[in-house]
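Q: In short: position in the sequence shown from 1, add 17, done, that's my numbering.
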Amino acid sequence: MNSKNLILSTLVKLWLVVLSFVSINSFAQRIEITPSYGFHFGTKLDYGPNYIEVEDSGQWGITLGVETFDDVMVELSYTRMNTELSIRDVDLSPSEQRLSDIAGDWILVGGTKYFPKGKIRPFAGGALGLVILSPSNENNNLISRSLDSETKFTFSFKGGVNIMFSEKIGLNIQGNLYFPVEWGGVYVGGGPGGVSGGVSTTSTTVIGGFSGGLVYRMK
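1. Can you look up Asp165 in the DSSP assignment and give me helix, strand or coil?
2. Whole angstroms are fine: how far does the CA of Thr96 sit from the CA of Gly215?
3. Which class does Pro103 belong to by DSSP, given the choice of helix, strand or coil?
4. Expressed to the nearest angstrom, what Euclidean distance is found between the alpha-carbon atoms of Glu113 and Phe86?
5. Express the C-alpha separation of Leu145 and Leu194 in angstroms, rounding to a whole number.
6. Can you give me the Cβ contacts of Pro66 inside the same chain, cut-off strictly under 7 Å, excluding the 5 residues immediately before and after it?
7. Decide if Asn158 is buried, meaning its Cβ has at least 16 other Cβ atoms within 10 Å, or exposed.
8. Below 6 Å CB to CB, which residues in the same chain sit around Lys185 once its five sequence neighbours on both sides are set aside?
9. Once you ignore the five residues that flank Lys130 on each side, which residues in its own chain have a CB closer than 7 Å to its CB?
10. In terms of residue numbering, what span does the beta strand (DSSP E) encompassing Ser112 cover?
11. May I have the straight-line CA-CA distance separating Ser213 from Gly229, to the nearest angstrom?
12. At what residues does the beta strand (DSSP E) containing Ser5 begin and finish?
13. With DSSP run on the structure shown, which of helix, strand or coil describes Asp73?
14. Quick check: Leu81 and Leu93, are their CB atoms within less than 8 Å of each other?
Have a look at this one:
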């Protein structure tokens, strides 16, 4: 079995497990799948008089939710962010320059509470999980080796509204707050071998944004 077929087979098996869970859980009423696209605002990490900045960019993702109690969904979500890192360092780069591209893969498990039933349904939720941060295309004028990928614990909060056009299709609009714990870890410094990358500043920061998507509901 090639890798593509193996992935497809695994997804089918996981989907059957979810359907089985719904069928045996007396509280479970529906499944929702929400693909989305949005925008996240940048954030800045200071170290002394210097800083590293994550630039604004787009994001896309998908959420699978299973209703376990009335108006409460347990959710598995994946979000992808592609952006740039910039740096200003009094010794290395007195003016702000691009340091590298960076991708963030957010994998979260959480819950969402929906409020009064109807076609317009406000909600609020939270989640825990991991974010995989993967730098690439480093600026070789600043650093002489690649920056390492990192996996960090993260948590998030969201709030928004689902506007249902029918029993099965609706529009999702929401705001998101992501809190990667001890995010950062990028250090740029000089030495006998030239400028290199390492590990230094770590901090819990906040990445905010908003997104919209379509809600597909199955009962």
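For each residue, glycine too, the CB sits at the ideal point set by N, CA and C.
A: The short version:
1. Note: Asp165 maps to coil in three-state DSSP.
2. Model confidence at Gly215 stands at a pLDDT of 42, short of 50, so the residue's coordinates are unreliable; what they give is reported in the following sentence. When rounded, the distance between both Cα atoms is 27 Å.
3. According to the sequence provided, residue 103 is Ser. The question's Pro does not apply to it. Here Ser103 sits in strand by DSSP.
4. So the alpha carbons of these two residues sit roughly 50 Å apart.
5. Approximately 12 Å, taken between the alpha carbons.
6. For Pro66, where only same-chain residues beyond five positions count, the Cβ hits under 7 Å are Val107.
7. With fewer than 16 other Cβ atoms from the protein chains shown falling within 10 Å of its own Cβ, Asn158 counts as exposed.
8. The answer, listed in chain order, is Arg234.
9. Answer for Lys130: Asp88, Val89, Phe140, Ala141, Gly142, listed in chain order.
10. Counting along the chain, the beta strand (DSSP E) containing Ser112 begins and ends at 110-131.
11. For Ser213, the predicted structure reports a pLDDT of 41, less than 50, and the residue's modelled location is therefore unreliable. A value from the coordinates is still provided. Roughly 40 Å separates the two Cα atoms.
12. Examination of residue 5 is not possible in this model, given that the chain is present from 18 through 236 alone.
13. Of the three classes helix, strand and coil, the one that applies to Asp73 here is coil, per DSSP.
14. The answer is yes: Cβ separation under 8 Å.
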